[in-house]
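Asker:
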Amino acid sequence: MPPIYMIGDNPESDIAGANRAGWGSILVHTGVYDPTTGVPPTHTPTHQAKDVGEAVLWALNREIGKARA
Numbered sequence: 886m887p888p889i890y891m892i893g894d895n896p897e898s899d900i901a902g903a904n905r906a907g908w909g910s911i912l913v914h915t916g917v918y919d920p921t922t923g924v925p926p927t928h929t930p931t932h933q934a935k936d937v938g939e940a941v942l943w944a945l946n947r948e949i950g951k952a953r954a
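What follows is the structure in structure tokens.
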């Protein structure tokens with residue numbers, strides 16, 4: 886099965902759901918979650934990114950790295 890990544894801004898729904906499904910989860914800092922509060926997300930993502938573009942690039946680079954290994 887190909888890898889699946891969920892990109893979202895809400896730890897309670899987006900990240901929790903992805904983690905339960907066994908998918909990669911990427912929390913973006915452009916919406917509900919605000920990293921400047923110093924409070925960690927309630928559900929731990931695979932990765933955090935400043936925006937969706939950075940999240941997509943991270944996921945692509947991760948998969949390219951796996952393919953080369």
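Numbering-wise (our numbering), the sequence shown opens with residue 886 and increments by one. The C-beta atom is built at its ideal place from N, Cα and C for all residues, glycine as well. These numbers were taken from a predicted model, which means no experiment stands behind them.
1) Who are His932's beta bridge partners in DSSP?
2) Going by CA-CA distance only, name the one from Pro925, Arg947 and Asp919 that's closest to Tyr890.
3) Spatial neighbours of Val917 within its chain, please: CB distance less than 7 Å, with the 5 preceding and 5 following residues excluded, ordered by chain position.
4) Could you tell me if the beta carbon of Lys935 falls within a distance shorter than 7 Å of some heavy atom in the ligand NAP?
5) Mapping DSSP to helix, strand and coil, what is Ile949?
6) Just the C-alpha distance for Ala952 and Pro920, rounded to the nearest angstrom, thanks.
Answerer: With the structure as the only source:
1) For the purposes of this step, residue 932 is taken as residue 47 along the sequence shown, with counting starting at 1. Beta-bridge pairing links His932 to Ile911.
2) For this step, residue 890 is matched to residue 5 along the sequence shown. The shortest C-alpha separation from Tyr890 is found at Arg947.
3) Translated into the one-based positions of the sequence shown, residue 917 becomes position 32. Once the five neighbours on either side are set aside, the close Cβ partners of Val917 are Asp894 and Asn895.
4) With respect to the ligand NAP, the structure shown offers nothing to examine, as it has no ligands at all.
5) Working through the sequence shown from its first residue, we reach residue 949 at position 64. Under the three-state reduction of DSSP output, Ile949 falls in the helix class.
6) Here residue 952 corresponds to residue number 67 of the sequence shown, with the count starting at 1. Here residue 920 corresponds to residue number 35 of the sequence shown, with the count starting at 1. Distance between the alpha carbons of Ala952 and Pro920: 32 Å.
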